[in-house]
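Chains as they are written, first to last, in my numbering: chain C, 1 to 253; chain S, 1001 to 1207. Where is the CB? At the ideal position from N, CA and C, for every residue including glycine. Owing to the predicted nature of the structure, the values given are computational and were not obtained by experimental measurement. What follows is a set of notes on a single structure, which appears directly below.
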C-alpha cells in the first residue's frame, strides 16, 4: 500500500537555508545540499525547497542550489518560490526539480496551473496554498499571498478544488496562522480541504512533534512537511517515522 | 564488459535531470539523443517519461523513434523504460483514446479506480514476481494516475497495491520497464539500476 510521506522543507535564500517565523527574523541553518543529503540518509521521503529570495538575481542563484541538491539526492525534489511562468518551471525542472510548486502566480493567473499540467503533467504540478483563518476559531480560511502580506478574501478550500480542476496534482497546504507557532498543524483546515479534493495533500505549518504529524495524517493529509523540527536536530526523520509506525501509520522504513 | 555509458531518449519533457544524476552517481556517463539511428544502435537505452500518453507518443512519432524503440525491445536489447516510458510500450491508454502506443506490450493502460487518491504520489511496496531477477522487495517511488492492471505474455510481472494490484514493473532479460521511478527510489532504486547495468553488461553483443 501507499505509505505516508515525511518531507523536510528547506527555505532557501541566497544559497543558504534560512529559518524564521513567517519569514521574518531569518537565521542561517546551513547548506542545502548537505542538509538534503543528511535528511535522505535519515529516511526522508522527499525534499521540498522553497526559494524565499527577494530578487531576480537571487532566483538565478537558486537554480544552482537545485543543481547541487539534485547531484546528491536520489529521492523526489519539489521546488517552489517566485515561479511565474512555464519557462521558470522548465528551468527548475531542467536543473533537477521533479515537481514545481506555484503559489502567488496561480492566484494571480489560475491558467498557469493548466499550462504547467499540459506542459509537464499533473504529477509535476503542485499548488501551494497559504491559508489564514478569517477570524480566530472560525472554520473559514482565506488564501493569503505575497508572503502573507495580501489577504485575497478567496476561500482556501474553494481555491484548492478549483486548482485541482485546473491541473494541480498535489496541494501543499500551509496554515499561515500556525507557521512557526509550534502548536501543531491546523487540523480543521486539512480536513476542510481533504473533503474537497482527491489529490494528495501535504500538511504544512506548525509541526513541533511526531504527534502533530500523526494527527495531520489522520485528518486526511497524505504527507507532512516540517522545517525547524528537523533543522534544530530535535528529531531525526527516522525518529518521526518510528513514532508514526508505532501509531499504526504506514511509512517507508 | 562494463557498461560505462547509457543513452537517454531525449523527450524534451521533465525528469531528464533526475535520471541523469542517478546514473552519474554510479559513475556512468549519460548522453541524450533523439536520433533514431543512435537509439537503434546504442548499447543501453533509457526511455524516461512524464506527462501525458498522447504527448509522449507524439514526441516519439515526430522524432521518428517508434520503429527504433519497438524493434530493440522486441529483440530484447538493453532498455530501461521509466513511468510513462512503461506505458508507451503498451497497445494504448485510457488517458489518450485513439492514440496507438509502441505496441510491444499487449495491454491497455487504465486509470486507477475512482476510490483511490489519484495521482498516486509516494512510496509503495513492490512485490517482485516469481520470475523477476532484477527486482527485490522494497519501497519504490511512484507518481502516476494511470497504470497497467496486468501484462500477458513472456514478461515477468511485479506488483504493488493502490486500489488493488497494479503492475509495478515488467522484466524480460535486459529489458526492464518500471511504473515507479528507480532514479528517485533512494538506495533501493540505486541497487536496481546497478543490477540492470550488470545485466546489460552480460547481455551486450557488439554491434
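Assignment of residue 1072 (chain S) by DSSP, reduced to helix, strand and coil, places it in the helix class.
Per DSSP, the continuous alpha helix (DSSP H) segment holding residue 1194 (chain S) begins and ends at 1186-1203. Close partners of residue 219 (chain C) in chain S (Cβ separation under 8 angstroms) are lacking, with about 14 angstroms as the shortest Cβ gap. Looking from the CA of residue 1043 (chain S), the closest CA among S:1082, S:1008, S:1064 belongs to S:1008. Classified as buried, residue 1132 (chain S) has 16 or more neighbouring CB atoms from the shown chains inside 10 Å of its CB. From the listed residues C:142, C:85, C:96, the smallest Cα separation to residue 71 (chain C) is found for C:96.
Comparing alpha-carbon positions, the option among C:201, C:91, C:159 lying closest to residue 169 (chain C) turns out to be C:201. Distance from the CA atom of residue 2 (chain C) to the CA atom of residue 94 (chain C), rounded to whole angstroms, is 28 angstroms. For residue 31 (chain C), there are no neighbours in chain S by C-beta distance under 7 angstroms, as the nearest C-beta there is about 18 angstroms away. As the crow flies, the alpha-carbon of residue 203 (chain C) is around 10 angstroms from that of residue 129 (chain C).
Within chain S, no C-beta atom comes less than 8 angstroms from the C-beta of residue 190 (chain C); the nearest is roughly 14 angstroms away.
Flagged as an interface residue toward chain S: residue 2 (chain C), by a C-beta distance shorter than 8 angstroms. Counting along the chain, no alpha helix (DSSP H) covers residue 185 (chain C), and no H or E run does either.
Close partners of residue 1196 (chain S) in chain C (Cβ separation under 9 angstroms) are lacking, with about 15 angstroms as the shortest Cβ gap. Membership of residue 1061 (chain S) in the alpha helix (DSSP H) is indicated by the continuous run 1053-1062.
In the structure shown, the three-state DSSP call for residue 225 (chain C) is strand. Residue contact check for residue 1132 (chain S) against chain C: no CB pair falls below 8 angstroms.
Taking all protein chains in view, the Cβ of residue 1182 (chain S) is crowded by 16 or more other Cβ atoms within 10 Å, so the residue is classified as buried. Three or more Cβ pairs closer than 8 angstroms define a contact, and the region 182-190 of chain C meets that threshold against the region 203-222 of chain C. The region 4-18 of chain C makes contact with the region 37-49 of chain C: 3 or more CB pairs, one atom from each, lie closer than 8 angstroms. For a Cβ distance threshold of 9 angstroms, residue set 1, 2 of chain C lies close to residue 1161 (chain S), ordered along the chain. Within the region 75-99 of chain C, the residues whose Cβ lies closer than 7 angstroms to some Cβ of chain S are 75, 76, 93, 94, 95, 96, 98, listed in chain order.
Exclusion of the five residues before and after residue 80 (chain C) leaves 50, 101, 128 as the residues of its chain whose Cβ lies within less than 6 angstroms of its Cβ.
Beta-carbon to beta-carbon, residue 1121 (chain S) and residue 1095 (chain S) are separated by about 17 angstroms, too far to satisfy the 8 angstroms threshold. Between the alpha carbons of residue 1130 (chain S) and residue 165 (chain C) lies a distance of about 41 angstroms. Listed in chain order, the positions of the region 1078-1094 of chain S with a beta carbon within less than 9 angstroms of a beta carbon of chain C are 1083, 1084. Take residue 1068 (chain S), set aside five residues on each side of it, and the residues of its chain with a beta-carbon closer than 8 angstroms to its own are 1036, 1037, 1039, 1040, in chain order. Around the beta carbon of residue 1144 (chain S), a 10 Å sphere encloses 16 or more other beta carbons of the protein chains shown; the residue is thus reported as buried.
Close CB contacts of residue 103 (chain C) within its chain, under the 6 angstroms cut and outside five residues either way in sequence, are with 128 (chain order).
Following the DSSP letters along the chain, one finds residue 202 (chain C) inside the beta strand (DSSP E) bounded by residues 201-204. In the structure shown, the three-state DSSP call for residue 90 (chain C) is helix. Residues are counted here when their Cβ sits less than 8 angstroms from a Cβ of chain C; for the region 1011-1044 of chain S these are 1013, 1014, 1015, 1016, 1017, 1018, 1021, 1022, 1024, 1025, given in chain order. When Cβ-Cβ separations below 8 angstroms define contact, residue 1117 (chain S) makes contact with chain C.
Excluding five sequence positions before and after residue 66 (chain C), the CB atoms of its chain that fall closer than 8 angstroms to its own CB belong to 49, 77, 79, 92, 95, 96, 97, given in chain order. When the beta-carbon positions are compared, residue 131 (chain C) and residue 105 (chain C) stay at least 8 angstroms from each other. Just measuring C-alpha positions, the residue of S:1186, S:1097, S:1048, S:1166 sitting nearest residue 1176 (chain S) is S:1048.
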